[in-house]
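Sequence order for the protein chains is H and B.
Using the numbering used here, you'd call the opening residue of the first sequence number 724 and step up by one each time.
Using the numbering used here, you'd call the opening residue of the second sequence number 724 and step up by one each time.
For glycine and all other residues, C-beta sits at the position ideal for the given N, C-alpha and C.
Shown next, in C-alpha cells, is the structure this report addresses.
2 protein chains.
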Amino acid sequence: MGEPGAADRSAIEAILAAAGADGRRALTADEARVLCLAYGIPVPAESVVTSVDAAVAYAEQIGYPVVAKIVSPDILHKTEAGGVRVGLASADELRAAHGQIMAAAAAHDPTARLHGLLVQRMLPAGLEVIVGTTTDPTFGTLVAFGLGGVLVEVLRDVTFRLAPVDLPTARAMLSSIAAARVLEGVRGQPAVDTAALAALLVAVSRLAADFPAIGEVDLNPVIATADGVCAADVRILLRGEPATAWVRHQPEAIRLSMRRLFRPRSVAVIGASAEDGKIGNSVMRNLIAGGFAGTIYPINPTATEICGRPAYPTIAAVPGPVDVAVFAIPARLVPTVLEEVGRKGVAAAVLIPSGFAETGNTELQAEVQRVGREFGVRFLGPNIYGLYYLPSHLCATFCTPYDVAGPVALSSQSGGIGMAILGFARSTGMGVSAIVGLGNKADIDEDDLLTFFEEDEATSCIAMHMEDLKDGRAFLEAAQRVSRVKPVVVLKAGRTGAGARAAGSHTGALAGDDRVYDDLLRAAGVVRAPGLREMLETARCLPMMPTPTGENVVIITGAGGSGVLLSDACVDAGLSLMVMPADLDAAFRAFIPPFGAAGNPVDITGGEPPSTYRKTIALGLDDPRIHALVLGYWHTIITPPMVFAELLVDVVEEARRRGIHKPVVASLAGDVEVEQAAAHCFAHGIPAYPYTTETPVAILGAKYRWARGAGLLQGL
Amino acid sequence: MGEPGAADRSAIEAILAAAGADGRRALTADEARVLCLAYGIPVPAESVVTSVDAAVAYAEQIGYPVVAKIVSPDILHKTEAGGVRVGLASADELRAAHGQIMAAAAAHDPTARLHGLLVQRMLPAGLEVIVGTTTDPTFGTLVAFGLGGVLVEVLRDVTFRLAPVDLPTARAMLSSIAAARVLEGVRGQPAVDTAALAALLVAVSRLAADFPAIGEVDLNPVIATADGVCAADVRILLRGEPATAWVRHQPEAIRLSMRRLFRPRSVAVIGASAEDGKIGNSVMRNLIAGGFAGTIYPINPTATEICGRPAYPTIAAVPGPVDVAVFAIPARLVPTVLEEVGRKGVAAAVLIPSGFAETGNTELQAEVQRVGREFGVRFLGPNIYGLYYLPSHLCATFCTPYDVAGPVALSSQSGGIGMAILGFARSTGMGVSAIVGLGNKADIDEDDLLTFFEEDEATSCIAMHMEDLKDGRAFLEAAQRVSRVKPVVVLKAGRTGAGARAAGSHTGALAGDDRVYDDLLRAAGVVRAPGLREMLETARCLPMMPTPTGENVVIITGAGGSGVLLSDACVDAGLSLMVMPADLDAAFRAFIPPFGAAGNPVDITGGEPPSTYRKTIALGLDDPRIHALVLGYWHTIITPPMVFAELLVDVVEEARRRGIHKPVVASLAGDVEVEQAAAHCFAHGIPAYPYTTETPVAILGAKYRWARGAGLLQGL
C-alpha cells in the first residue's frame, strides 16, 4: 500500500469537490473505490453493469460466487432497500437476483435513480473487523479499529488514534482492543494477516488525514484472513462543518511568554486595593507575603499607595517595564484594560475575574481573546484563582499562600479543584513548583504550561485536572514530548456520560467521548488518574521514586494477609510479580522461618525481629534482577512501627549511597503508630501508607506506566 | 420443562451408576439424551441408525437438512475425528457423508467400537449460547451461562450461580453478562426467547443438582431463536472426586455457642502469665483493662495468682462453669488441653497459637478439629490475634485494646489485616461492636459469625476480610439471609491470578476463580469492597447513612469542577442522577445566581453565602422525589469550611427532627480547614471527605448496592 501519485491526488480532489458541489454527504461506491485504489486499500474485484447479460459475463470472468448490489446515488442503505444479494453461485442465481434487486429498489423509492448493478467477487469467509476514520471536534481526524459484530456494537471494544498513524502505532492498535487475542486465531481459526491489517490502518488513516474534506471513512466489514484483508463495504462521508482553526503559537514564542509569566521581574496588580476582603487586596498581600523579589505595581485610579507600594492610576503610568498584569477588576472592564496592558508591552495577564463564558457571556470572552491576540498579550483564565510559582516566590492569587517548594507542578480548570490541591499539598507537605488556574482557558492552555514545565528545572512532575481540551492535537503533541522526560498526570473530568453532561453545563466545553480520550492520552504517554485523590497522591509520589529499570517487582511482607492483597493490587496496577529464580528464593529463605513462604510474595511471617525485615529488604535492593519492592509491614511488639520505618529508611539510604536506586513502596498494617511511621518514610522519599494495600501499589503502577510510555523500560 | 417422574429418576440413576461402574468419565450422547428428555431440556429430533438406508429413511421422516454424527463410546471429540457432517440437504449428500464418516472414524481409531450413525434434525440459524454446570470445590454445583464464541472464550463473559436456580435467578443470569443486550436482538436480529432460555437454565441446574454423580453438564452450543431454544450438543461428565462433606451445625446450635463465646459469664486463660511480653500476660491484662465483668480464671501449672486473680493449674480445677477458654500455649499442647476444656463443658475456645496448617502442620490442625468435634467445643482459629466484643467489654486478644463501641462488626482471616482494622478504627474513631480473628478457620467460620451478628442488637453492619471460604454454600446462605437486614461487606483477597497464588502459599486455602466469587457474593446481596481501605471506609459509613427509599440522587455543588467529578463518580458507583422535574429545577433556580447551572448537578456557584447552601440542601432534603444528596463544597472566604459543616449538620438534623431521613454525603474541596469540617460532619453522622470526590460517592454507592440487594428499593 504505497503513497498515491499526483494524478491520483488530483482525481480524489476532483471527486471530493464534485460531491461537495452536489451538496452530497456521501461518495458513491464507485467514487469511494477510486480513493481506496489510490491508497492501496484492498477492495474486491467488481464492476458496475447495466444489463443482466453484462452482469453474467463479468461474473464468469471473476468467478462465482458473487455479490450483486444496486447502484444508486439515492439509496444509501442498500441492504435495507432489498438492494443486496450475496452468495450467488451461478448464472441462473445471478439472473434471478438481478430482477429481484431492481424490483425491490424501485419499490423502496420509485424516484431513486438506478445506475445499474454492482457485481462483486464474494469474499471468502474470515474474521470481520471494522476499520474507519471519524472527525472529532477536539482531536480532528481519528482512525478507529475494532472487531465486527457485537464486540463493537454492544461491548464498544474499539480503539482510536490520531490520524495518520504509522505502522508501529497501527500494530499497537491491533493489540489495544480487549478481544485482541481473536486476531491470533481462536476456536481452531487461523491467525489473520496482522501485517496486512496494520498496513490497511495506515492507508485508511492517511487517506482521511490527507483530505480534510473527508469526514468519515467506514470499512465495515473488512474481511481478514490468514492471506490478507479486503474491505467488503466502503462508505466515505464528507465533513459536515469545516475544522476549527486553532490559534497555534510556535514553541519558542510560547517559551518566551511563559518565562516572563512565571519568572517576571515586575508584576502589576490591576484593581489593587487597600481594603480588606477585596480580591485586589488579597492579591497584593499574597504577592508581598510570598516574598516576590521583583517590583510590584498596584494600579488603582485613586490611590497613591497600597500595601506600602506606590500606586499608579493606569498601567501606562507605570515608570518601568511590566512582565505580568494580574487583573482584579470587574469583567466588563477587562477588554479595555487588556488593550492598555498590551500597549505597555506586558507579556502575560492573569485574568482572575469571572463573568465570561462560564456565565453565558461568550461575547465578552471573545472580545478579550481578540484583544489579547491583537496586542500580543498571552493570558491565563478568565475565571481563575490565579497562579503560584514557588521558584519565583510568585503568589499571584487571592487564595491562601503556599510555600513548600518542591518538584510538582499542578494545574486545574476549576477553582474548587485548585483549593483541593492546596489543601492536600498543605496537609501532606507536598513540595510544589507551581499551581495554576486555567479556568475558561480562553488563551493559555495545558500545552502552553507543558512547554514551560518541560524546560523548568524546578519541575519534575506535572499534574493537570482538565474538563476539556480545545486543541487536542496541540496538547497531545506537547504531552508526548514532555512525557518522555517528566511524567504528566492527567485527571480528565467528564469521563462518563453523566460527567460529560455536567461539563457541558459548567463551561460550555465539548467533552469528548471517554474512550477517545483514554486511548489518545495513553498513546501520548500520559498517566491518567482515575480520580482526584489518585491524581494528588500520584503527583506527590512520582518524583520521589527512582525510575525502575525493569519489570520485576517483588513483595516482601510480614503479614501473609497483606501479601495476598498486595498481589491483587499488583495485578490491578499492571505490575509483573517476578518469578523468583531458585538461587534468589534460597537466599530469601535463609533469612526467614522455615514455614515462611518464599517465592513471591516473600512472606517473612509476623513474629520476626527488625533484622529479618532489614536483611530481606537489603537483599531485594541488592539483587540486580529485582527492579522494585513492595513492602507489607505488620505491626508487632517485636518490630514496632517506628523501628520498621527507621530501619527501612536506613537500608534504602545505605543502598542509595552505593548507587542503588529502586522504587520502594510500603503498606503499613497496624495501630495508629503506623501513621507516624508512614510520615517518617515519606520524609525520606519512600511512599508509605497506613490502612491500605492498594494505594502504595497503585502509585508504583503509575510510575511503571510512565516509565513504559517514556520508553525507559525494556519488555512488555 | 417439568419435574422428572420417579421412573425417569431411576433410569438416570441406572445410567450414572453404569457409567461409573465402567470407569467412564463421560456419558454417551444417547445416555445424555435420556437425562435431557427427563428434565425437559430441548434437544433436536434424532435417531441412531445402523445402515445408510435407515439413515435416509429417518431423514425423510424428520426433514432435511440433517446432521450426521458417528456414535462410538470410544470417540469423545467427534468433530476432530472427522465424525460429524452438517447441513446435509438431500439423500445423496447423506449417503455420501455416511461413507466418509465411517471411513474417517475407522482411520482415527481402528480399535474404536462404532455403534452406528446419529441422524439429527439440523437446527435453524440462531444465537449460539452456552449453558452448563460445573462443580466447584468451595461452592459445589454451579450453573453457568454465556454467549457462544469469542465472548466466552476470549472475554470470559460468563456468569455463575449456585445450582439449582429458580426462574427469577435464571432471568437475572441472562442480564448479568456484559453482552446481555445481544439477547434482545442487535444488528437486525430478532430477540431470542428469553423465557425458554431461562427455563432451560432452571432445568439444567436441577439436573446437575439432583444427581451428585454429575460433575459437569455442557450444552454448547444452545441455539436460541425467537421461537425457542435447543441444545445442539450435550456433554455430561461424571464427578471425579466425591464432594467434601462439610460439617454443618444447626442455626440454633450455632447461636447457642456464639452467644456463650461473645457474651461469656467466665473466661479461662490457658497459659496465663505474670511475665511482661508473654501473650498469656497480654491477654490477662487486656481482659482486665477492657472491663470484662465476668470471672477471669488464669490457668497456669505453677502460679497461684496472676494479675491479681487466683490461678488454677488446670481448667478442670476451676471451681465454677467456664464459657470461653483463650489459649496462649504452644501449638503442640493444644489438642490435649482442648480435650480437657471440652470435658469441663466450655462452649468455645479462642486458639491464638500458631504452628498449624499455616506452617504446614496440617496433622496437628486436623487433630484439633477432631478433638473439638468430639468434645463439643467450637473454636476460633488457630493462628489468630483473638477477639474483641465491646458490648461484653471482652478483649480476648494479645493486641492493643479498643473501646470505642459502635455498630460495626469486623472479622479478618489475617492478623495483619486485623491490626489495620484496629489502627483505622482508632484513627477515625469508628464505633465497633466486634473485631474477630479467624485465622486458619479450622472450625468457626464466617457463617457462624454472621449467624451471631444477625441477632446481635449491637451490630448493624458486618465487614469481613476473607482469603477463602471452606463451605461456600453455608456462607452464602447465611450472607443472603443476613444481608436482608444488615449490610455484609466483604473484602475477598486473592481476587486475581497472582493474588490467588499468594493465598495458596499462605494458608493452603483454595482460592476460587474470582468471577465465581463475584457473581455469587453479588447474588447473595453482599457488598463487595475492592480493597482494604474501601472495606474500612464502607464499614465505617454504612451504619451512619439512612437507607434510601428510591434511586434519585441529586448533586448540589459550590464548585462546578467538583460537580463534574462527582457526576463521574456517581456513574462509576452505579447511582442514578435524577432527571430534574421542571418545577424542582425552578425551585432550585430561585436560590442560585442566574448563571449557576440547575439541572443535576445543581451548581450554586462558588461565591455564594452560607444561606445558598442552606436553602438548596434543605430543598433537596424536603422534596420527596429526591432520595439522596451528594454535596460538593468549595472553600471560600464567604462560606468557610466550618461554617459549611455547621450549617450542613444543622439542616440535616432539623430534617431528621421532622422525620426526614435521607443519605447525605459530602466532598470538601479546600484548604486544610476542611479536615476539621469533615470531622464535624462525621461526628454528626454525615460522611464527608476532604480532597476526594470519589470516596463519598463510592460510600453512597455501597449503601445503594446493599439496599437494592436487600430488596429495599423499587426499580432498577
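Checking 8 Å against the spacing of the C-beta atoms, do residue i and residue j come in under that value?
| i | j | result |
| --- | --- | --- |
| M1187 (chain B) | V1155 (chain B) | no |
| A703 (chain H) | P1363 (chain H) | The displayed coordinates of chain H run from 724 to 1439. Any statement about residue 703 (chain H) would go beyond what the structure contains. |
| R1032 (chain B) | I1019 (chain B) | yes |
| I900 (chain H) | T917 (chain H) | no |
| I1140 (chain H) | L1265 (chain H) | no |
| V721 (chain B) | L924 (chain B) | Within the shown structure, residues of chain B are numbered from 724 to 1439, placing residue 721 (chain B) beyond reach of any answer. |
| L1298 (chain B) | V1277 (chain B) | no |
| D797 (chain H) | A835 (chain H) | yes |
| I1002 (chain H) | I1107 (chain H) | no |
| L1133 (chain B) | I1167 (chain B) | no |
| L984 (chain H) | R1101 (chain H) | yes |
| W969 (chain B) | D1191 (chain B) | no |
Looking at the strands, I want to know which residues DSSP matches up with residue i.
| i | result |
| --- | --- |
| Q1357 (chain B) | The question names Gln, yet the displayed sequence has Trp at residue 1357 (chain B). Note: W1357 (chain B) sits in a beta bridge opposite B:A1392. |
| S813 (chain H) | Beta-bridge pairing links S813 (chain H) to no other residue. |
| N1023 (chain H) | Paired residue(s): none; N1023 (chain H) is not in a bridge. |
| C953 (chain H) | H:I946 |
| A1080 (chain H) | In DSSP, A1080 (chain H) forms no bridge with anything. |
| Q1092 (chain B) | Answer is none; Q1092 (chain B) lacks a bridge partner. |
| R1251 (chain B) | B:V1213 |
| M1187 (chain H) | H:S1134 and H:V1213 |
| G939 (chain H) | Residue identity differs from the one stated: residue 939 (chain H) is Glu in this sequence, not Gly. E939 (chain H) is bridged to H:L960. |
| P1413 (chain B) | B:L1391 |
| I793 (chain B) | B:L840 |
Could you tell me how far apart the beta carbons of residue i and residue j are, in whole angstroms, since I believe they sit closer than 8 Å?
| i | j | result |
| --- | --- | --- |
| V1239 (chain B) | L865 (chain B) | 7 Å |
| L1117 (chain B) | F1015 (chain B) | 6 Å |
| P1105 (chain B) | F1079 (chain B) | 5 Å |
| H1350 (chain H) | M1142 (chain B) | About 29 Å separates the two Cβ atoms, so there is no contact after all. |
| G1099 (chain H) | G1065 (chain H) | 6 Å |
| P965 (chain B) | I853 (chain B) | Contact doesn't hold; Cβ gap of about 27 Å is too wide. |
| V1094 (chain H) | P1130 (chain H) | About 36 Å separates the two Cβ atoms, so there is no contact after all. |
| G743 (chain B) | A936 (chain B) | 6 Å |
Any beta carbon of chain C sitting closer than 8 Å to that of residue i?
| i | result |
| --- | --- |
| Y1414 (chain B) | The question asks about chain C, but that chain is absent: this structure's protein chains are H and B. |
query: Between the region 901-932 of chain H and chain B, which residues of the former have CB atoms less than 8 Å from a CB of the latter, in chain order?
result: A901, A902, R904, V905, V909 and R910
task: Would you check if the region 809-826 of chain H and the region 961-975 of chain H touch, i.e. whether three or more CB-CB distances between them fall below 8 Å?
output: no
query: Touch check for the region 1418-1434 of chain B and the region 1163-1176 of chain H: three-plus C-beta pairs under 8 Å?
result: no
message: Measuring CB atoms only, is the region 1282-1300 of chain H touching the region 1183-1198 of chain H, in the sense that at least three cross pairs come out at less than 8 Å?
response: no
Meets three-Cβ-pair contact criterion under 8 Å: the region 1390-1408 of chain B and the region 1243-1261 of chain B: no
field: chain B contacts made by the region 1387-1403 of chain H, where a contact means CB separation under 9 Å
entry: S1390, L1391, A1392, G1393, D1394, V1395, E1396, V1397 and E1398
query: What residues in the region 1127-1154 of chain H have a beta carbon less than 8 Å from any beta carbon of chain B?
result: S1135, Q1136, S1137, G1138, G1139, I1140, M1142, A1143, L1145, G1146, F1147, R1149 and S1150
The region 1238-1261 of chain H: positions lying closer than 9 Å to chain B by Cβ: P1253, G1254, L1255, R1256, E1257 and L1259
task: For the region 1342-1356 of chain B, enumerate the residues whose C-beta is nearer than 8 Å to any C-beta of chain H, in chain order.
output: G1355
task: Identify each residue in the region 984-1010 of chain H for which the Cβ-Cβ distance to at least one residue of chain B is less than 8 Å, and report them in chain order.
output: G1000
query: Given 8 Å as the limit, is there contact between the region 1367-1382 of chain H and the region 1300-1308 of chain H, that is, 3 or more CB pairs closer than that?
result: no
Contact set between the region 1262-1296 of chain H and chain B, restricted to residues whose Cβ is under 9 Å from the partner: I1278, T1280, G1281, A1282, G1283, G1284, S1285, G1286, V1287, L1288, L1289, S1290, D1291, A1292, C1293, V1294 and D1295
field: Contact residues within the region 858-879 of chain B, judged by C-beta distance below 9 Å to chain H
entry: L870, G872, V873, L874, E876, V877 and L878
query: Is the region 903-911 of chain H in contact with the region 925-934 of chain B, if contact means three or more CB pairs nearer than 8 Å?
result: no
query: Does the region 1396-1404 of chain B come close enough to the region 1427-1437 of chain B that 3 or more CB-CB pairs lie under 8 Å?
result: no
message: With three or more beta-carbon pairs closer than 8 Å as the criterion, would you say the region 760-772 of chain B touches the region 828-848 of chain B?
response: yes
task: Check whether the region 750-762 of chain H touches the region 820-834 of chain H, taking contact to mean three or more Cβ pairs, one atom from each stretch, closer than 8 Å.
output: no
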